[in-house]
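Undergrad: Quick note on the working numbering: the sequence shown kicks off at 1 and runs consecutively.
Here's a structure for you.
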Amino acid sequence: MAKIVGCITTTHVPSIGGAIAKNLQHDPYWSPFFDGFTPVHAWLKKVKPDVAVVIYNDHGLNFFLDKMPTFAVGAAAQYRHADEGWGIPIVPPFKGDLDLSWQIINTLVEKEFDIVTCQEMLVDHAFTIPMSLLYPGGESPPLRTVPICVNTVQFPIPSARRCYKLGEAIGSAIESWDSDARVVVLGTGGLSHQLDGERAGFMNKPFDLQFIDSLISQPDWATQYSSTELVELVGSQGVELLNWLAARATMSGKVRKVHSNYHIPISNTASGLMAIEPAH
Ligand code: DHB
Ligand code: FE
Numbered sequence: 001m002a003k004i005v006g007c008i009t010t011t012h013v014p015s016i017g018g019a020i021a022k023n024l025q026h027d028p029y030w031s032p033f034f035d036g037f038t039p040v041h042a043w044l045k046k047v048k049p050d051v052a053v054v055i056y057n058d059h060g061l062n063f064f065l066d067k068m069p070t071f072a073v074g075a076a077a078q079y080r081h082a083d084e085g086w087g088i089p090i091v092p093p094f095k096g097d098l099d100l101s102w103q104i105i106n107t108l109v110e111k112e113f114d115i116v117t118c119q120e121m122l123v124d125h126a127f128t129i130p131m132s133l134l135y136p137g138g139e140s141p142p143l144r145t146v147p148i149c150v151n152t153v154q155f156p157i158p159s160a161r162r163c164y165k166l167g168e169a170i171g172s173a174i175e176s177w178d179s180d181a182r183v184v185v186l187g188t189g190g191l192s193h194q195l196d197g198e199r200a201g202f203m204n205k206p207f208d209l210q211f212i213d214s215l216i217s218q219p220d221w222a223t224q225y226s227s228t229e230l231v232e233l234v235g236s237q238g239v240e241l242l243n244w245l246a247a248r249a250t251m252s253g254k255v256r257k258v259h260s261n262y263h264i265p266i267s268n269t270a271s272g273l274m275a276i277e278p279a280h
């Protein structure tokens, strides 16, 4: 059966793509952020995943406000990036993994998740930026991918509890996949930030740090909050942390932290990174 080698959760701010394009990784503004990834690069070299399941939210590239699935799973042979208007370079297409896509889709439907299945799917910065951060140097990442979108953009968004259950179901799909593949699960977005309205610029460091800690010791801690409470606590875009929660929930056993980093601000966002692996 396939094995989940670990889970990486990270911020996906588009301006990171601009910093990479301009080689600003060692710039004083950017280095506290980029330096956080060095231990994760070493860990990825060690665990060598074959496939990444990427849980993220699309921001209007593949799904616009007129048609917004709560949960959507990619089932394509490849996934293209396209211009979203951020002025960041377009990266080459990512390889899909049809077998794992359908394993996840079949399992989710069997477990009563009414998902949207996408046999064509563009991936936006919330997918491409984390890939560029984890596999730097401009080469295509050496692994296949399955994109999974969670609506964190337009109310009503799924509850934290529902996202946790989604993650558990994705985890059981991976662990019952008849394959010897090594799978890493990514969750992208957050942490606290609000880009618009009266609270533009809002961040909540104490909450973010508690949330990061909770993912090790009490992973369903954030499920106590309703969606409106989460918006109050982390900002209207900070609810992207639902993707972290779902990614974490794919790992059913005890976990240990490989590395974490937290830095304010990148753009208007509190940036977070964490990698975890099975504790045994
Ligand atoms: C920013 C953060 C995001 O999560 C995003 O999707 C777009 C922009 C920002 O902080 O600029
Ligand atoms: Fe975002």
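From the three backbone atoms N, C-alpha and C, an ideal C-beta is built for every residue, glycine too.
Please read these numbers as outputs of a predicted model, since none were measured by experiment.
Could you say if the segment 178-192 and the segment 1-15 meet the contact criterion of at least three C-beta pairs nearer than 8 Å?
TA: Taking 8 Å as the limit for Cβ pairs, the verdict is that the segment 1-15 does touch the segment 178-192.
Undergrad: So for Met274, helix, strand or coil by DSSP?
TA: On the sequence shown, position 274 is the one that residue 274 refers to. Correct three-state label for Met274: strand.
Undergrad: Looking at C-alpha atoms only, which residue of Leu133, Ser252, Val234, Pro219 is the closest neighbour of Glu175?
TA: Locating residue 175 in the sequence shown gives position 175, where the first residue counts as 1. Closest option to Glu175, Cα to Cα, is Ser252.
Undergrad: If you check the beta carbons only, do Arg248 and Gly197 fall under 8 Å apart?
TA: By 1-based counting over the sequence shown, the position of residue 248 is 248. By 1-based counting over the sequence shown, the position of residue 197 is 197. Result no, Cβ atoms of Arg248 and Gly197 do not sit closer than 8 Å.
Undergrad: So, is Ile90 buried or exposed, given that buried needs 16 or more other C-beta atoms within 10 angstroms?
TA: Taking the sequence shown and counting its residues from 1, the one referred to as residue 90 is at position 90. So Ile90 ends up on the exposed side.
Undergrad: May I ask you to report which of helix, strand or coil DSSP gives Gln224?
TA: Start at 1 with the first residue of the sequence shown, and residue 224 comes out as number 224. Here Gln224 sits in helix by DSSP.
Undergrad: Nearest CA to the CA of Asp83: which residue from Leu230, Pro136, Pro14, Thr228?
TA: Reading the sequence shown from its first residue, position 83 is the one you call residue 83. Closest option to Asp83, Cα to Cα, is Pro14.
Undergrad: Do Leu108 and Ile115 have their C-beta atoms closer together than 8 Å?
TA: Along the sequence shown, read from residue 1 onward, the residue named residue 108 stands at position 108. Along the sequence shown, read from residue 1 onward, the residue named residue 115 stands at position 115. Yes, these two residues count as a Cβ contact at 8 Å.
Undergrad: In whole angstroms, what separates the C-alpha of Ala52 from that of Pro142?
TA: In the sequence shown, counting from the first residue as 1, residue 52 sits at position 52. In the sequence shown, counting from the first residue as 1, residue 142 sits at position 142. Taking the straight line from one Cα to the other gives about 10 Å.
Undergrad: Spell out a yes or no on whether the segment 13-30 and the segment 267-278 are touching, meaning 3 or more CB-CB pairs, one atom from each, closer than 8 Å.
TA: Result yes; three or more Cβ-Cβ pairs closer than 8 Å.
Undergrad: Counting only runs that start and end within the segment 83-163, where is the alpha helix (DSSP H) found for 4 or more residues in a row?
TA: Within the segment 83-163, the complete alpha helix (DSSP H) runs of at least 4 residues are 98-110, 125-134.
Undergrad: Suppose contacts are defined by Cβ-Cβ distances below 8 Å. Is Arg182 in contact with Lys3 by that definition?
TA: Position 182 of the sequence shown, counting from 1, holds the residue named residue 182. Position 3 of the sequence shown, counting from 1, holds the residue named residue 3. For Arg182 and Lys3, yes; Cβs fall inside 8 Å.
Undergrad: Where DSSP assigns a beta bridge to Val73, which residues make up the other side?
TA: Your numbering for residue 73 matches position 73 in the sequence shown. For Val73, which the question treats as bridged, DSSP gives the partners Thr117, Ile148.
Undergrad: For Leu245, which residues in the same chain have their Cβ closer than 7 Å to its Cβ, ignoring the five residues on either side in sequence?
TA: Locating residue 245 in the sequence shown gives position 245, counting from the first residue. Excluding sequence neighbours, Leu245 sits near Ala160, Cys163, Tyr164, Gly167, Ala222.
Undergrad: Looking only at DSSP bridge pairs, what is Lys254 linked to?
TA: Residue mapping note: residue 254 aligns to position 254 of the sequence shown, counting from 1. Beta-bridge pairing links Lys254 to no other residue.
Undergrad: Return helix, strand or coil for Lys22, following the three-state DSSP convention.
TA: On the sequence shown, residue 22 is found 22 positions in, with the first residue counted as 1. Here Lys22 sits in coil by DSSP.
Undergrad: So, using beta-carbon positions, are Pro147 and Tyr225 closer together than 8 Å?
TA: Position 147 of the sequence shown, counting from 1, holds the residue named residue 147. Position 225 of the sequence shown, counting from 1, holds the residue named residue 225. No, Cβ-Cβ distance for Pro147 and Tyr225 is not below 8 Å.
Undergrad: What residue range is occupied by the uninterrupted beta strand (DSSP E) comprising Lys3?
TA: Position 3 of the sequence shown, counted from the start, is the residue given in the question as residue 3. From DSSP, the beta strand (DSSP E) with Lys3 extends over 3-10.
Undergrad: Short of 6 Å in beta carbon distance, which residues of its chain neighbour Ile216, apart from the five on each side in sequence? Order them along the chain.
TA: The residue given as residue 216 occupies position 216 in the sequence shown. Answer for Ile216: Lys257, listed in chain order.
Undergrad: Expressed to the nearest angstrom, what Euclidean distance is found between the alpha-carbon atoms of Leu230 and Glu120?
TA: For this step, residue 230 is matched to residue 230 along the sequence shown. For this step, residue 120 is matched to residue 120 along the sequence shown. Taking the straight line joining both Cα atoms gives about 32 Å.
Undergrad: What are the complete alpha helix (DSSP H) segments, minimum 4 residues, inside the segment 161-224?
TA: Whole alpha helix (DSSP H) segments, 4+ residues: 205-217.
Undergrad: Who are the Cβ neighbours of Trp30 in its own chain at under 7 Å, not counting the five residues just before and after it?
TA: Position 30 of the sequence shown, counting from 1, holds the residue named residue 30. Cβ neighbours of Trp30 beyond the five flanking positions: Ala19, Leu24.
Undergrad: Taking the alpha-carbon positions, what's the Trp259 to Ser132 distance?
TA: Along the sequence shown, one-based indexing puts residue 259 at 259. Along the sequence shown, one-based indexing puts residue 132 at 132. For the sequence presented, residue 259 should be read as His rather than Trp. Approximately 18 Å, taken between the alpha carbons.
Undergrad: Tell me which residue opens and which closes the beta strand (DSSP E) that Val53 is part of.
TA: Looking up residue 53 in the sequence shown gives position 53. Where Val53 is concerned, the enclosing beta strand (DSSP E) stretches over 51-56.
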